[in-house]
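Asker: Chains as they are written, first to last, in this note's numbering: chain B, 4 to 244; chain G, 4 to 244.
This is the structure I have questions about; it appears just below.
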DNA sequence: ATCCTTGGGTACGATTTCGAACAGTGGGCG
DNA sequence: CGCCCACTGTTCGAAATCGTACCCAAGGAT
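Okay, structure coming up:
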């Protein structure tokens with residue numbers, strides 16, 4: 004494979020590395036593609052790689068005896084495998100692909116070595132972990148006090164932030180798992196959102212039509228994690244396009 | 004002040020440090036006491052210290068325009084100020100004392116320097132951050148799918164884990180803020196728990212009487228964060244006593 | 001063109017929680 | 001000793017969500 008050029012990297016973290024830090028990890032990076040429903044790692048299994056998405060979205064879900072539900076999502080703004088960055092090579096969480104895409108990944112040992120070697124690399128990755136904690140805590144907040152419609156609005160916004168198109172291929176069933184509610188509840192919420200014209204829904208697809216109004220509907224359920232990300236990194240989660 | 008001996012430290016993280024790592028931070032440690040409702044740091048304000056509780060409990064709460072609610076709690080098993088450990092000196096969260104106690108604390112710059120210097124110190128503190136992420140994600144999980152009674156049971160268990168006595172000084176009002184529900188809902192939940200004999204409630208106090216049954220009531224809402232902690236550290240959150 | 005699987009729409013009673021009052025009451029304080 | 005107030009108990013209608021079931025429709029597969 005031709006040597007990877009940093010300038011062609013879309014992932015915000017990799018793209019933000021200093022020249023030296025990029026040179027440190029570059030030899031160990033490999034390009035991969037991932038498909039919907041694929042698992043990047045499973046609960047309680049040893050994690051082998053840390054993944055930096057280029058396109059697509061990965062969901063971090065908690066697996067319990069009573070089903071799974073989403074605690075966070077990561078696209079090209081971040082990395083998958085925060086546990087590894089924190090020095091733990093397994094976690095009770097599972098990582099599942101929510102939207103197919105491409106990514107760069109690096110082996111656990113190689114990343115650990117690079118992080119031990121470079122304080123600036125370490126600092127960058129740890130700052131992302133901080134923003135991820137805020138994201139998870141906002142999930143907790145949204146689950147505690149917001150209606151299904153508001154939480155769905157939040158989820159659609161977060162997905163929209165991480166995709167290039169306004170059209171997202173998702174089913175009601177899938178969204179109900181992500182939100183931790185029943186499927187008919189999602190159907191009603193979708194209809195309400197569609198009624199106000201902020202989205203259009205067809206079989207297996209949701210299209211965002213009025214993002215601003217969608218943010219109004221989501222209210223405080225959406226926003227503070229995204230604000231924290233841009234505070235910490237000086238650029239927003241959602242890229243201009 | 005007489006030189007602090009590691010052997011007399013109760014905080015699990017400080018106590019787990021290697022002799023060398025402890026010597027590294029020891030000169031910068033100062034002992035403090037904290038009172039109920041005191042703030043260790045406030046949302047969006049610069050954090051000056053990282054705190055290692057010896058006794059008592061700190062709550063990490065998210066502050067929003069529509070009130071606050073708890074995303075996690077920390078006692079002598081951990082540290083307060085994960086953002087600093089991750090290289091960020093402010094956060095959108097607020098830290099409030101839930102149960103009065105004592106703690107050791109260290110200035111941000113001194114801790115940063117020590118962490119830069121010692122990979123093993125860094126590794127220990129980062130492992131705690133990992134367990135904290137799992138705790139927050141379990142809060143998200145509990146909020147999504149469990150009744151007030153179950154969530155209250157979880158909260159009481161978590162508090163019980165971090166106190167030395169079975170008696171906790173808390174009001175319904177306080178618990179309702181922590182859980183993000185209305186106060187009368189807590190009153191009902193308390194009565195239900197009291198009815199089955201697992202707790203005894205008096206004005207401003209809750210006493211745990213049957214911890215095992217309380218765990219049964221909490222079900223999956225409690226447990227996986229605690230399991231992860233003991234996985235990572237090889238000792239449980241709750242100390243024998 | 002037809003089948004059949006998957007996804008979406010609907011219904012309905014049961015249950016939980018909300019929102020907003022208002023009424024007791026324990027115990028510290030003057 | 002009695003007042004006062006924070007804390008607890010209770011009520012009630014409204015709203016949201018649940019649990020469960022059944023039917024319809026789209027669109028790929030054969």
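From the three backbone atoms N, C-alpha and C, an ideal C-beta is built for every residue, glycine too.
Quantities reported herein were computed from a predicted structural model and do not represent experimental measurements.
Given this structure, state the Cα-to-Cα distance separating residue 119 of chain B from residue 225 of chain G, to the nearest angstrom.
Answerer: Along the first chain, read from residue 1 onward, the residue named residue 119 of chain B stands at position 116. Along the second chain, read from residue 1 onward, the residue named residue 225 of chain G stands at position 222. Taking the straight line from one Cα to the other gives about 35 angstroms.
Asker: Would you say residue 146 of chain B faces chain G, with C-beta separation under 8 angstroms as the test?
Answerer: The sequence position of residue 146 of chain B within the first chain is 143, counting from 1. Answer yes: the Cβ-Cβ gap between residue 146 of chain B and chain G drops below 8 angstroms somewhere.
Asker: Within 10 angstroms of its Cβ, does residue 130 of chain G collect 16 or more other Cβ (buried), or is it exposed?
Answerer: As a working note, residue 130 of chain G is residue 127 in the second chain. Counting Cβ neighbours within 10 Å, residue 130 of chain G comes out buried, since at least 16 surround it.
Asker: Does residue 237 of chain B come out as helix, strand or coil in the three-state DSSP assignment?
Answerer: For the purposes of this step, residue 237 of chain B is identified with residue 234 of the first chain, where counting begins at 1. Residue 237 of chain B falls in the coil class under three-state DSSP.
Asker: Output the boundary residues of the alpha helix (DSSP H) element that contains residue 141 of chain B.
Answerer: Locating residue 141 of chain B in the first chain gives position 138, where the first residue counts as 1. For residue 141 of chain B, the enclosing alpha helix (DSSP H) stretches over residues 122-148.
Asker: With DSSP as the reference, label residue 186 of chain B as helix, strand or coil.
Answerer: As a working note, residue 186 of chain B is residue 183 in the first chain. Of the three classes helix, strand and coil, the one that applies to residue 186 of chain B here is helix, per DSSP.
Asker: Is the number of C-beta pairs between the segment 136-147 of chain G and the segment 78-97 of chain B that are closer than 8 angstroms three or more?
Answerer: yes
Asker: Going by DSSP in three states, residue 10 of chain B sits in which element: helix, strand or coil?
Answerer: Counted from its first residue, the first chain places residue 10 of chain B at position 7. Reduced to three states, the DSSP call for residue 10 of chain B is helix.
Asker: If you check the beta carbons only, do residue 57 of chain G and residue 79 of chain G fall under 8 angstroms apart?
Answerer: As a position in the second chain, residue 57 of chain G is number 54, starting the count at 1. As a position in the second chain, residue 79 of chain G is number 76, starting the count at 1. A contact, by the Cβ cut-off of 8 angstroms.
Asker: Evaluate residue 163 of chain G with the Cβ neighbour count: other Cβ atoms within 10 Å of its Cβ, from every protein chain shown; 16 or more gives buried, anything less gives exposed.
Answerer: Within the second chain, residue 163 of chain G is the residue found at index 160, counting from 1. Label assigned to residue 163 of chain G: buried.
Asker: Should residue 90 of chain G be flagged as near chain B, meaning a C-beta pair shorter than 8 angstroms?
Answerer: As a working mapping, residue 90 of chain G is identified with position 87 in the second chain. With 8 angstroms as the cut-off, residue 90 of chain G counts as an interface residue toward chain B.
Asker: If the cut is a Cβ gap below 7 angstroms, which residues of chain G does residue 119 of chain B touch?
Answerer: Numbered from 1 along the first chain, position 116 holds the residue referred to as residue 119 of chain B. 122, listed in chain order.
Asker: Using a C-beta cutoff of 8 angstroms, does residue 179 of chain B count as contacting chain G?
Answerer: Reading the first chain from its first residue, position 176 is the one you call residue 179 of chain B. Taking Cβ atoms only, chain G never reaches closer than 8 angstroms to residue 179 of chain B, which makes this a no.
Asker: For residue 40 of chain B, which of B:49, B:76, B:29 and B:100 has the nearest alpha-carbon?
Answerer: The residue labelled residue 40 of chain B in the question sits at position 37 within the first chain. Nearest option by C-alpha distance: B:100.
Asker: Counting only beta-carbon atoms, is residue 140 of chain G nearer than 8 angstroms to chain B?
Answerer: Numbered from its first residue, the second chain carries residue 140 of chain G at position 137. Yes, residue 140 of chain G lies at the interface with chain B (some Cβ there is under 8 angstroms from its Cβ).
Asker: Taking the C-alpha atoms as reference points, what is the distance between residue 217 of chain B and residue 160 of chain B?
Answerer: Translated into positions along the first chain, residue 217 of chain B becomes position 214. Translated into positions along the first chain, residue 160 of chain B becomes position 157. CA-to-CA, the gap between residue 217 of chain B and residue 160 of chain B works out to about 7 angstroms.
Asker: For a test of the three-state rule: what should DSSP assign to residue 1 of chain B, helix, strand or coil?
Answerer: Residue 1 of chain B lies beyond the stretch modelled for chain B, which goes from 4 to 244, so this question has no answer here.
Asker: The beta strand (DSSP E) with residue 66 of chain G in it runs from where to where?
Answerer: On the second chain, position 63 is the one that residue 66 of chain G refers to. Element bounds for residue 66 of chain G: 60-67.
Asker: Starting from the beta carbon of residue 126 of chain B, find every residue of chain G whose beta carbon is closer than 7 angstroms, and list them in chain order.
Answerer: For the purposes of this step, residue 126 of chain B is taken as residue 123 along the first chain, with counting starting at 1. The contacting residues are 90.
Asker: Pull up the distance between the alpha-carbon of residue 42 of chain B and that of residue 102 of chain B, whole angstroms please.
Answerer: Residue 42 of chain B sits at position 39 when you count from the first residue of the first chain. Residue 102 of chain B sits at position 99 when you count from the first residue of the first chain. Between residue 42 of chain B and residue 102 of chain B, the C-alpha separation is close to 12 angstroms.
Asker: Please identify the residue among B:230, B:173, B:112 and B:171 whose C-alpha is closest to the C-alpha of residue 28 of chain B.
Answerer: Taking the first residue of the first chain as position 1, residue 28 of chain B is located at position 25. Checking every option, the nearest Cα to that of residue 28 of chain B belongs to B:112.
Asker: Out of curiosity, what's the CA-to-CA distance linking residue 11 of chain G and residue 35 of chain G?
Answerer: Counted from its first residue, the second chain places residue 11 of chain G at position 8. Counted from its first residue, the second chain places residue 35 of chain G at position 32. Roughly 15 angstroms between the two C-alpha positions.
Asker: Apart from the five residues on each side of it in sequence, which residues of its chain come closer than 7 angstroms, Cβ to Cβ, to residue 125 of chain G?
Answerer: As a first step, residue 125 of chain G is located in the second chain; it is residue number 122 there, counting from the start. So the qualifying residues of the chain are 118.
Asker: According to the Cβ coordinates, are residue 82 of chain G and residue 128 of chain G closer than 8 angstroms?
Answerer: Looking up residue 82 of chain G in the second chain gives position 79. Looking up residue 128 of chain G in the second chain gives position 125. Taking 8 angstroms as the cut-off, the Cβ atoms of residue 82 of chain G and residue 128 of chain G count as close.
Asker: One question on the structure: do residue 183 of chain B and residue 72 of chain B come within less than 8 angstroms of each other, judged by their Cβ atoms?
Answerer: For the purposes of this step, residue 183 of chain B is taken as the residue at position 180 of the first chain. For the purposes of this step, residue 72 of chain B is taken as the residue at position 69 of the first chain. In this structure, residue 72 of chain B lies closer than 8 angstroms to residue 183 of chain B by Cβ.
Asker: Here's a check: name, in chain order, each residue in its chain whose Cβ is nearer than 6 angstroms to the Cβ of residue 98 of chain B, leaving out the five neighbours to either side.
Answerer: In the first chain, counting from the first residue as 1, residue 98 of chain B sits at position 95. Excluding sequence neighbours, residue 98 of chain B sits near 43, 44, 61, 63 and 83.
Asker: Return yes when the Cβ of residue 175 of chain B is within less than 8 angstroms of the Cβ of residue 190 of chain B, no when it is not.
Answerer: The residue given as residue 190 of chain B occupies position 187 in the first chain. The residue given as residue 175 of chain B occupies position 172 in the first chain. Inclusion of residue 190 of chain B and residue 175 of chain B in the CB contact set at 8 angstroms is warranted, their separation being smaller than that value.
Asker: Nearest-angstrom Cα distance between residue 6 of chain G and residue 86 of chain B?
Answerer: By one-based count along the second chain, residue 6 of chain G stands at place 3. By one-based count along the first chain, residue 86 of chain B stands at place 83. Spanning the two alpha carbons is a distance of roughly 35 angstroms.
Asker: Please identify, using Cβ separations under 9 angstroms, the residues of the segment 75-100 of chain B that lie next to chain G, in order along the chain.
Answerer: 75, 85, 86, 88, 89, 90, 91, 93, 94, 95 and 96
Asker: Looking at chain B, is there any beta carbon in it that lies within less than 8 angstroms of the beta carbon of residue 240 of chain G?
Answerer: What you label residue 240 of chain G is simply residue 237 of the second chain in a count that begins at 1. By this cut-off, residue 240 of chain G is not an interface position.
Asker: From the DSSP output, read off the bridge partner residues of residue 97 of chain G.
Answerer: Translated into the one-based positions of the second chain, residue 97 of chain G becomes position 94. When DSSP reads this structure, residue 97 of chain G sits in a beta bridge with G:64.
Asker: Mapping the DSSP letters down to three states, classify residue 20 of chain G as helix, strand or coil.
Answerer: The sequence position of residue 20 of chain G within the second chain is 17, counting from 1. It is coil, neither helix nor strand.
Asker: Taking only beta-carbon atoms, is residue 152 of chain B less than 8 angstroms away from chain G?
Answerer: For this step, residue 152 of chain B is matched to residue 149 along the first chain. With 8 angstroms as the cut-off, residue 152 of chain B does not count as an interface residue toward chain G.
Asker: Could you give the distance in angstroms between the alpha-carbon of residue 123 of chain B and the alpha-carbon of residue 122 of chain G?
Answerer: The residue labelled residue 123 of chain B in the question sits at position 120 within the first chain. The residue labelled residue 122 of chain G in the question sits at position 119 within the second chain. Cα to Cα, residue 123 of chain B sits roughly 14 angstroms from residue 122 of chain G.
Asker: Using a Cβ-Cβ cutoff of less than 6 angstroms, which residues in the same chain neighbour residue 152 of chain B once the five nearest sequence positions on both sides are dropped?
Answerer: Locating residue 152 of chain B in the first chain gives position 149, where the first residue counts as 1. Hits under 6 angstroms: 192 and 195.
Asker: Name the DSSP bridge partner or partners of residue 208 of chain G?
Answerer: As a first step, residue 208 of chain G must be located in the second chain, where it is residue number 205. According to DSSP, which records beta bridges pairwise, residue 208 of chain G is partnered with G:205.
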